[in-house]
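Reviewing the structure listed below.
Number of protein chains: 2
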Amino acid sequence: MRLAIIGTGLIGTSVAMAAARIDGVELVGWDTDPNELKIAADRSGLRAAQSLESAVSEADAILVAVPVGVSQGVVQAVLECAGPEALITDAGSTKRGLVEHTDDVRFVGGHPLAGGEVGGAGSARADLFSGATWFLTPVESTAGVQLERAFRLVSDLGAKPRAVAPDVHDRILATVSHLPHVLANVLVSEAAGTVSDEDESLPATGPSFRDATRVAGAPSSIWTDIYISNAEALIERLVSVEAQLAKVREMLESRDSGALTAWNDAAGSQKARLAGSGVIGHAVHQIRVQVPNRPGVLAEIALALGQAGIDLADLQLHPADDRATGTIVLGIEGGENVERAETLIAGLGHKVSEEQ
Amino acid sequence: MRLAIIGTGLIGTSVAMAAARIDGVELVGWDTDPNELKIAADRSGLRAAQSLESAVSEADAILVAVPVGVSQGVVQAVLECAGPEALITDAGSTKRGLVEHTDDVRFVGGHPLAGGEVGGAGSARADLFSGATWFLTPVESTAGVQLERAFRLVSDLGAKPRAVAPDVHDRILATVSHLPHVLANVLVSEAAGTVSDEDESLPATGPSFRDATRVAGAPSSIWTDIYISNAEALIERLVSVEAQLAKVREMLESRDSGALTAWNDAAGSQKARLAGSGVIGHAVHQIRVQVPNRPGVLAEIALALGQAGIDLADLQLHPADDRATGTIVLGIEGGENVERAETLIAGLGHKVSEEQ
Numbered sequence: 001m002r003l004a005i006i007g008t009g010l011i012g013t014s015v016a017m018a019a020a021r022i023d024g025v026e027l028v029g030w031d032t033d034p035n036e037l038k039i040a041a042d043r044s045g046l047r048a049a050q051s052l053e054s055a056v057s058e059a060d061a062i063l064v065a066v067p068v069g070v071s072q073g074v075v076q077a078v079l080e081c082a083g084p085e086a087l088i089t090d091a092g093s094t095k096r097g098l099v100e101h102t103d104d105v106r107f108v109g110g111h112p113l114a115g116g117e118v119g120g121a122g123s124a125r126a127d128l129f130s131g132a133t134w135f136l137t138p139v140e141s142t143a144g145v146q147l148e149r150a151f152r153l154v155s156d157l158g159a160k161p162r163a164v165a166p167d168v169h170d171r172i173l174a175t176v177s178h179l180p181h182v183l184a185n186v187l188v189s190e191a192a193g194t195v196s197d198e199d200e201s202l203p204a205t206g207p208s209f210r211d212a213t214r215v216a217g218a219p220s221s222i223w224t225d226i227y228i229s230n231a232e233a234l235i236e237r238l239v240s241v242e243a244q245l246a247k248v249r250e251m252l253e254s255r256d257s258g259a260l261t262a263w264n265d266a267a268g269s270q271k272a273r274l275a276g277s278g279v280i281g282h283a284v285h286q287i288r289v290q291v292p293n294r295p296g297v298l299a300e301i302a303l304a305l306g307q308a309g310i311d312l313a314d315l316q317l318h319p320a321d322d323r324a325t326g327t328i329v330l331g332i333e334g335g336e337n338v339e340r341a342e343t344l345i346a347g348l349g350h351k352v353s354e355e356q
Numbered sequence: 357m358r359l360a361i362i363g364t365g366l367i368g369t370s371v372a373m374a375a376a377r378i379d380g381v382e383l384v385g386w387d388t389d390p391n392e393l394k395i396a397a398d399r400s401g402l403r404a405a406q407s408l409e410s411a412v413s414e415a416d417a418i419l420v421a422v423p424v425g426v427s428q429g430v431v432q433a434v435l436e437c438a439g440p441e442a443l444i445t446d447a448g449s450t451k452r453g454l455v456e457h458t459d460d461v462r463f464v465g466g467h468p469l470a471g472g473e474v475g476g477a478g479s480a481r482a483d484l485f486s487g488a489t490w491f492l493t494p495v496e497s498t499a500g501v502q503l504e505r506a507f508r509l510v511s512d513l514g515a516k517p518r519a520v521a522p523d524v525h526d527r528i529l530a531t532v533s534h535l536p537h538v539l540a541n542v543l544v545s546e547a548a549g550t551v552s553d554e555d556e557s558l559p560a561t562g563p564s565f566r567d568a569t570r571v572a573g574a575p576s577s578i579w580t581d582i583y584i585s586n587a588e589a590l591i592e593r594l595v596s597v598e599a600q601l602a603k604v605r606e607m608l609e610s611r612d613s614g615a616l617t618a619w620n621d622a623a624g625s626q627k628a629r630l631a632g633s634g635v636i637g638h639a640v641h642q643i644r645v646q647v648p649n650r651p652g653v654l655a656e657i658a659l660a661l662g663q664a665g666i667d668l669a670d671l672q673l674h675p676a677d678d679r680a681t682g683t684i685v686l687g688i689e690g691g692e693n694v695e696r697a698e699t700l701i702a703g704l705g706h707k708v709s710e711e712q
């Protein structure tokens, strides 16, 4: 399989280094910055292409890993010169804008929850995606076979794929990534203000401050575009945070220790509940689903499972000889999830059987 | 030296375990919870006293490590039964309220920037204070000899003492500790809300969310009192954060990428500047200061150095034979700070000479 990587920064080069370990993968790459491309080639063994077109034209799969602000244009350019059977996927941090404008059957939006404080090919690591969630955002137009291939590629890179609708992805990311980045910036600015107000140098701070500000001032070359492209969901969160802070302020103004205790206890329970929802079993159970051979079926099933928090360890498509039907084999993580998955899929009108 | 520890939870027991390593220290402890006291005795070898009075009456130094909400009463009780030469210090997270009500010459307020997610004697560690900043909050009434002893005790426990005025301490802590705790709670609550809005389980989140919410839901038994006792400074910060968030929201609403970039870049520079302000040299230079033997002189010098970000590796008082004057020997960290320290101290009207 020939894998083309368009954009060989931290993510693209890490993908190349991870993919270099997979049997039978031939790597080709392209970047507008020849230095980054050279570092990527040196580190992963990918062949540096002379142009985007030459990187893409013969590729079986193409991963676009460019800043969010330019990803729509680059994905469009890739779709124009990629072959009719090629998989095109991307790694951008927001998905709705891109996916809404890209209804090509070959395209599956993607986003790995991985990165680093320092960007660039020089910071890439083959194990960057080890165990990380990698969102895939199929829509109705997505071909099942391409979703299957994206799923397998992401798994082969060491990540855990998870299907999610593009708008849900963006709302979740606003909460778990973009908002924490905004708050980190705000905290740093509060501390800088306190230091200058007090004419006091800040002491070695406690761990709570260090942890909370680790991502402050992440590169604007990446983050301005992320903020803008997810502005709607992020504004919603900011309005909500401002309201929460005003409530806490009122409790403090009235020295209402009962209300503060209730609020703080609630955060403790919510934290425990959130931590619990990330816990999954390790045993993998296979179930088989008979499906009609029409577009969107696999996306629908993957999205339903993703929404229920059921992670897939494996996903295979087996078309029947008549091409009118097929079988999907799903690897379900956690024994307790098998029955839930079967019920969900049966609810979508498909026949389910457990693998013998 | 007999060291009495009043309150043998995480901090008190860690102090006992660290102090057990110091030559010539005899440990006695007291806690209202007999189980915690027993664990502390088992782990550190301290003698469990039968009452607060019996723990304190013969002690040379007494450390009060109880929740902020009760610390004023406990410190008062300790002052009443401690000897006239004893040092009394505490470890509470806010200082202004306590210090304002305690003008005893024997008392020096204190606060180590150390702790843990799980409280109690069972979680104590002998190295909890290793390299941690330990604030001391002397005021005019504080005897120089007691500040010197507090300084030495804290250094012997492995911490880096730093003198700071009580109100400045509370404003700094509002920024670097109490506000991050509030924001962690708010973030967890946003995430819990997103999950239930989307009928979606939260995926394994990225590192920015994990780091930013690590301290969410810290024990209310400790934190409600901290929030209340530092309400004024914390309210000030919350007002400022709400204003900052509203500004970010406006930039997002107008999709103003120039303003977002400038804001994000500023956070990056502020973070770098804050990180830089914590950097100190390792070489220790000694300087000697001739001072009149009157109360408050040592506190004044220590506060001036602390405010300038100059950490003290050592501090000794040598009264002259006439008892009217004395010499203070200061160990200054970082060669570049020696001249600044000398200028500052000379500016306070004292004669300075470098140690030969």
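As you go down the protein sequences, you meet chains A and B in turn.
Residues 1 to 356 in the working numbering are what the first sequence spells out, letter by letter.
Residues 357 to 712 in the working numbering are what the second sequence spells out, letter by letter.
Ideal Cβ placement from N, Cα and C applies to all residues, glycine included.
Computed from a predicted structure; not experimentally measured.
C-alpha distance - TRP386(B) paired with GLY624(B), whole-angstrom precision:
47 Å
Buried versus exposed, by CB contacts within 10 Å (16 or more), GLU34(A):
The question names Glu, yet the displayed sequence has Pro at residue 34(A). Exposed, because fewer than 16 other Cβ atoms sit within 10 Å of the Cβ of PRO34(A).
List the residues of chain A whose Cβ lies closer than 8 Å to the Cβ of GLN355(B), in chain order.
Since the first residue shown for chain B is 357 and the last is 712, residue 355(B) is missing from the structure and cannot be characterised.
Contact set between ALA124(A) and chain B, taken where Cβ atoms lie within less than 8 Å:
Chain B residues near ALA124(A): none, gap ~17 Å exceeds 8 Å.
Tell me, to the nearest whole angstrom, how far the beta carbon of ASP167(A) is from that of ARG96(A); I am working on the premise that it is less than 8 Å.
5 Å
Distance between VAL75(A) and GLY12(A) (C-alpha atoms, nearest Å)
14 Å
Taking 7 Å as the CB-CB cut-off, is LEU252(A) touching chain B?
yes
Counting C-beta neighbours from all protein chains within 10 Å, is the total for ILE301(A) 16 or more, i.e. buried, or is it exposed?
buried
Where DSSP assigns a beta bridge to SER353(A), which residues make up the other side?
ARG288(A)
State yes or no: is the C-beta of ALA372(B) within less than 7 Å of the C-beta of ILE361(B)?
It is a contact, given that the beta carbons lie within the stated cut-off.
With distances taken between CB atoms, is the gap from GLY349(A) to ALA163(A) smaller than 7 Å?
no
Anything in chain B within Cβ reach of PRO180(A), meaning under 7 Å, just list it in chain order.
LEU543, SER564, PHE565, ALA568
First and last residue of the uninterrupted beta strand (DSSP E) at ASP90(A):
87-90
Quick check: the Cα distance between VAL359(A) and THR550(B), rounded to an integer number of angstroms?
Here chain A has residues from 1 to 356 only, and residue 359(A) is not among them.
Leaving out the 5 sequence neighbours to the left and right, which residues in its chain are closer than 7 Å to ALA433(B) when beta-carbon positions are compared?
LEU408
ILE362(B), enclosing beta strand (DSSP E) - first and last residue:
358-362
Interface residues of chain B around GLN270(A) at Cβ under 7 Å?
By Cβ distance, chain B contributes VAL544, SER545, ALA548.
Cutoff 7 Å: VAL604(B) Cβ touching any chain A Cβ
yes
Taking Cβ to Cβ, would you say ASP398(B) is nearer than 7 Å to LYS516(B)?
no
State the start and end residues of the unbroken alpha helix (DSSP H) segment that holds ARG452(B).
Counting along the chain, ARG452(B) sits inside the alpha helix (DSSP H) bounded by residues 452-456.
How would you call LYS247(A), buried or exposed, if buried means at least 16 neighbouring beta carbons within 10 angstroms?
Per the 10 Å Cβ criterion, exposed.
Suppose the cutoff is 8 Å on Cβ atoms and the five residues either side in sequence are ignored; what does the same chain contact list for LEU252(A) look like?
Once the five neighbours on either side are set aside, the close Cβ partners of LEU252(A) are LEU260.
Quick check on THR489(B): does DSSP put it in helix, strand or coil?
The three-state secondary structure of THR489(B), taken from DSSP, is strand.
Does LEU173(A) come out as helix, strand or coil in the three-state DSSP assignment?
helix
GLU336(A), buried or exposed, once every other Cβ within 10 Å from all chains shown has been counted against 16
exposed
Taking the C-alpha atoms as reference points, what is the distance between ALA243(A) and ARG249(A)?
Spanning the two alpha carbons is a distance of roughly 10 Å.
Look at the Cβ atom of ALA18(A), then the Cβ atom of ALA126(A), and state whether they are nearer than 7 Å.
yes
With respect to the alpha helix (DSSP H) encompassing ASP211(A), which residues constitute its N-terminal and C-terminal limits?
If you look at ASP211(A), you'll find it in the alpha helix (DSSP H) that goes 207-212.
Are three or more beta carbon pairs between the segment 137-147 of chain A and the segment 99-107 of chain A nearer than 8 Å?
The segment 137-147 of chain A makes contact with the segment 99-107 of chain A, as at least three CB pairs between them are under 8 Å.
Could you have a look at THR498(B) and say whether DSSP puts it in helix, strand or coil?
coil
Just mark GLY109(A) as buried or exposed, buried being the case when its beta carbon has 16 or more other beta carbons within 10 Å.
Result: buried.
Which chain B residues sit within Cβ distance under 7 Å of ARG255(A)?
The answer, in chain order, is ILE584, ALA587.
Compare the C-beta of ALA267(A) against all C-beta atoms of chain B and say whether one is closer than 7 Å.
Cβ-Cβ to chain B under 7 Å: yes for ALA267(A).
Pick from LEU234(A), PRO67(A), GLY83(A) that is closest to ALA59(A), judged by C-alpha positions:
GLY83(A)
Could you tell me whether the Cβ atoms of SER208(A) and VAL571(B) are closer together than 7 Å?
yes
With distances taken Cα to Cα, identify the nearest neighbour of ALA150(A) among GLN316(A), PRO219(A), ASP322(A), GLY331(A).
GLN316(A)
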